């Protein structure tokens, strides 16, 4: 089993899901000025302070006295750590290092034993290669280094200075080492610079892909993992999450959609969303919640009966138990057994509609809420927009969400952001607690969690159709 | 009266090791770090080894010089111990 050790940077621990695998050799690649030395020293400093793991920093070029001085600006007293035998900043030549590493009881082995070393930073891999023209020989040097570090179970960062000349060198090194982290400094908004960190490889770790922004602060490197928002976190306190029926989605939502929250599912016309919705709504029914469904123009009650059956829900039974109600905007056949549960609103103007629906909701919900019953609402916002107009949505949607939150109900609304326009779409995004998006690009359908009360977001996931419940899988 | 003559290169070398106490270098490597001629430095290093400022591991060109850190006494701690 792989064990992990903290990286010294909280955000990086999140990206590699817990820390670096113990005993792994990781290349930190970056152009001058990206903060490789700071990241390396932070790994050792925090390792010594927080994890009680001693480390050595090996510098081939820079004088240790310079490093001691520079690192005081982050409040790191390296000499004090050296006195405690928690750190050594070692200065030697690459050839001395390699020869001493190979030698039984050589200087390298002596230091490792002396301080019970667990972490190593080597600055830099380029200098270790300096003067070696032959690629095979270069590879052998890195291979030997990695093997020795692995033998002592040392978690190591091998700093690699990226220059325009050696950009091709990284692929060769990345085969040999266990991980590759790339630091970049890119132009941002014309006049600013954006520092990003990307984990390109990490054996034994599930990594959060993509570029993550970091800053060099008074306390060292501070990294903010991409696709995470925290401002809505409070919403989930003391909430119960109800499964969506889709395991990958539940995982993203820390268990499911929290009670008392409103989500929007944004789709484009090509995307198949009916399984996502059916899985979510039927899971609420199976969890004992009562449901109000605003029917869309695309699915009649006959269609719904069929699809919910796939998820183990007999709608007719639920209607009989008075646990589901439908709002119908269209003239179309309705199964006889469903008649009592359908509220026809086709001929109503907007004022009549809002008055009737709210009165009905109040009658149905108020007493139930007192009795501890939970309600779930599905809104087809596309129907509302086409039948009642965008302004109607803007006017009443916030009120609906407030009512839903206050009564402990939950909601999922279906919308097509492209169709309703940027302004209304951003209003919906802002008003809702969570946003899902599914779309078709080329021959694939994608799904992304773009906002959630838990503060999580996801990268775009592939949507695959499968033969068993819930009939879709996110990859 | 006994007079001491300190070679400037000897001082420079001692200070370098004092500031970078965990340096492990060959004569060639030290000459490069200090920006001095290896021939001039060789005699100074021998002198520092003989006075136990430095330690030499190995022989010939691959011999490695390292600093012997002076034993420091924490006076404050000593006083505390005496008071007890």
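Protein chains in written order, with my numbering: chain A, 1 to 475; chain B, 1001 to 1084. C-beta: ideal position from N, C-alpha, C; glycine also. Please read these numbers as outputs of a predicted model, since none were measured by experiment.
- In summary, the residues of the region 1025 to 1038 of chain B whose CB is separated from some CB of chain A by less than 9 Å are 1025, 1026, 1028, 1029, 1032, 1033, in the order they occur in the chain.
- Residue contact with chain B for residue 120/A: absent (no Cβ-Cβ distance below 8 Å to any residue of chain B).
- Chain-ordered, the chain B residues with CB closer than 9 Å to the CB of residue 96/A read 1024, 1025, 1026, 1029, 1062, 1064.
- Residue 62/A is outside the set of residues whose beta carbon lies under 8 Å from a beta carbon in chain B.
- The beta-bridge partner set that DSSP reports for residue 385/A is empty.
- Taking the CA atoms as reference points, residue 1046/B sits about 38 Å from residue 73/A.
- Within its own chain, the residues whose Cβ lies closer than 6 Å to the Cβ of residue 275/A, once the five positions on either side in sequence are excluded, are 471, 472, listed in chain order.
- In the three-state scheme derived from DSSP, where H, G and I count as helix and E and B as strand, residue 1063/B is classed as coil.
- Taking 8 Å as the upper bound for CB-CB distance, residue 312/A and residue 337/A are not in contact here, some 19 Å apart.
- One alpha carbon belongs to residue 297/A, the other to residue 348/A, and they sit about 17 Å apart.
- Pairing residue 291/A with residue 378/A gives a Cβ-Cβ distance under 8 Å.
- The region 304 to 311 of chain A and the region 391 to 411 of chain A do not touch, with fewer than three beta-carbon pairs separated by less than 8 Å.
- Considering only 467/A, 332/A, 406/A, 1/A, the residue with the shortest C-alpha distance to residue 366/A is 406/A.
- Only 88, 89, 90, 91, 92, 93 from the region 79 to 93 of chain A bring a Cβ to less than 7 Å from some Cβ of chain B.
- In the three-state DSSP reduction, residue 1033/B falls in the helix class (H, G or I).
- Residues of chain B whose Cβ lies closer than 9 Å to the Cβ of residue 107/A are, in chain order, 1024, 1057, 1064, 1066.
- Within chain A, the C-beta atoms nearer than 8 Å to that of residue 1019/B come from 63, 64, 65, in chain order.
- Linking residue 34/A to residue 260/A through their CA atoms gives a straight-line distance of about 45 Å.
- When the five nearest sequence neighbours on each side are left out, the beta carbons in the same chain lying within less than 8 Å of the beta carbon of residue 102/A are those of 144, 148, in order along the chain.
- Here the alpha carbons of residue 242/A and residue 376/A stand approximately 11 Å from one another.
- Distance from the Cα of residue 357/A is smallest, within the candidate group 38/A, 3/A, 326/A, for 326/A.
- Residue pairing for residue 376/A: DSSP places it in a beta bridge opposite 291/A, 410/A.
- Contact annotation: residue 96/A and residue 1068/B have beta-carbon atoms that are not nearer than 8 Å.
- When the five nearest sequence neighbours on each side are left out, the beta carbons in the same chain lying within less than 7 Å of the beta carbon of residue 440/A are those of 268, 270, 271, in order along the chain.
- Distances from the alpha-carbon of residue 434/A to those of 386/A, 466/A, 265/A, 288/A put 265/A closest.
- Counted as a single uninterrupted DSSP element, the stretch harbouring residue 334/A is not any beta strand (DSSP E), since DSSP gives it neither H nor E.
- In the same chain as residue 50/A, and ignoring 5 residues on each side of it, the C-beta atoms closer than 8 Å to its own belong to 6, 8, in chain order.
- For the region 23 to 47 of chain A, the continuous beta strand (DSSP E) assignments of 3+ residues that do not extend past its boundaries occur at 25 to 30, in sequence order.
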